[in-house]
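Residue numbers (the working numbering): 28 to 312.
Accompanying notes for the structure given below.
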């Protein structure tokens, strides 16, 4: 498979603070690739380094065969980026926000590209409304339209579903899958396990470094959960060490009127994988 993003020994320091501590990472074409980790793990710093918004302290980044800093203008033509906080012009209409972004990429079919992007995020009926009048979820959708309007080869999305409702989140992920199916590479940062499982591959970040890269179903196959069961007015609480594989057997053997599942936090999963990696390295050294 063709590598779209290559990161080698990437370090980014802010004075005494090390945001990235020697990251190595490869992302292949046509994947939905997830960057999973708690806040402060280095996801946004890594993304900003990949798109050329930050100059690394040391290391190397290649994106679509280009250097994000010296080839920034060529890269921006082929790259779509959706920041964590929508960067929109509140007094411009929805349509003109998208048109502004596509014009910056100098596409000749501006009008049809804008119509296509608005339809993709279901904002056609709000095309003539000022962006400041949109709800938070609609602004997220508009931000996504601005990122995809020039039909980029690579789309990088920083926490794109943060603060939106489950239905809209599902709509976004359906759209990401359609883009990937058409050959676009999609990179998504998240701190939600459910979203990580939607990805083809996931990198777990901990304290500015990548501690594991794998199919998310492999990485999270032993995730833990607390199961609360109610039956006949009585409550029971059960801990599962391998929640994805044990839950079905538990529910078959423990009929219940009501079930609640409290999943292990992403922070705990990343830390556990990190500790396991350290143990393996200590054993083989």
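Yeah, the Cβ is synthetic: ideal placement off N, Cα and C, and Gly gets one too.
- Here residue 206 is actually not in contact with residue 187; their C-beta atoms are around 12 angstroms apart, not less than 8 angstroms.
- In chain order, 255 and 256 place their CB closer than 8 angstroms to the CB of residue 262, counting only its own chain and leaving out the 5 sequence neighbours on each side.
- In the DSSP assignment, residue 130 falls within the alpha helix (DSSP H) that extends over 121 to 131.
- A distance below 7 angstroms between beta-carbons, with the five flanking residues on each side excluded, links residue 79 to the following residues of its chain, in chain order: 95, 96, 99 and 102.
- In the structure shown, residue 116 adopts coil according to DSSP, grouped into three states.
- Counting C-beta pairs closer than 8 angstroms gives three or more between the region 156 to 168 and the region 108 to 117, which meets the contact rule.
- In terms of Cα proximity to residue 222, the closest of 234, 204 and 236 is 204.
- Bridge partners of residue 263 according to DSSP: 256.
- One Cα belongs to residue 69, the other to residue 278, and the distance between them is close to 38 angstroms.
- Using a C-beta cut-off of 8 angstroms, the region 137 to 145 makes no contact with the region 184 to 198, since fewer than three inter-stretch Cβ pairs fall below that distance.
- Around the C-beta of residue 153, 16 or more other C-beta atoms lie within 10 Å, and the residue is accordingly described as buried.
- Look at the region 54 to 117 and you find these whole runs of alpha helix (DSSP H), each 4 residues long or longer: 70 to 77 and 99 to 105.
- Annotated three-state conformation of residue 245 is helix, per DSSP.
- In the displayed model, residue 224 falls within coil according to three-state DSSP, outside both helix and strand.
- Secondary structure in the region 167 to 236: the beta strand (DSSP E) runs of 3 residues or longer, each lying completely within the stretch, are 181 to 185, 212 to 217 and 228 to 233 in chain order.
- In the three-state scheme derived from DSSP, where H, G and I count as helix and E and B as strand, residue 148 is classed as coil.
- In this structure, 220 is the residue among 220, 82 and 88 with its C-alpha nearest to the C-alpha of residue 244.
- Rounded to the nearest angstrom, the Cβ distance from residue 239 to residue 291 is 16 angstroms, too far for a contact under 8 angstroms.
- Cα atoms of residue 81 and residue 275: separation of roughly 46 angstroms, rounded to the nearest angstrom.
- With a threshold of 16 other beta carbon atoms within 10 Å, residue 216 meets it and is buried.
- According to the DSSP secondary-structure assignment, residue 288 is paired through a beta bridge with 254.
- Each residue's CA atom was taken as its position, placing residue 265 and residue 72 some 39 angstroms apart.
- Between residue 202 and residue 183, the alpha-carbon positions lie close to 14 angstroms from each other.
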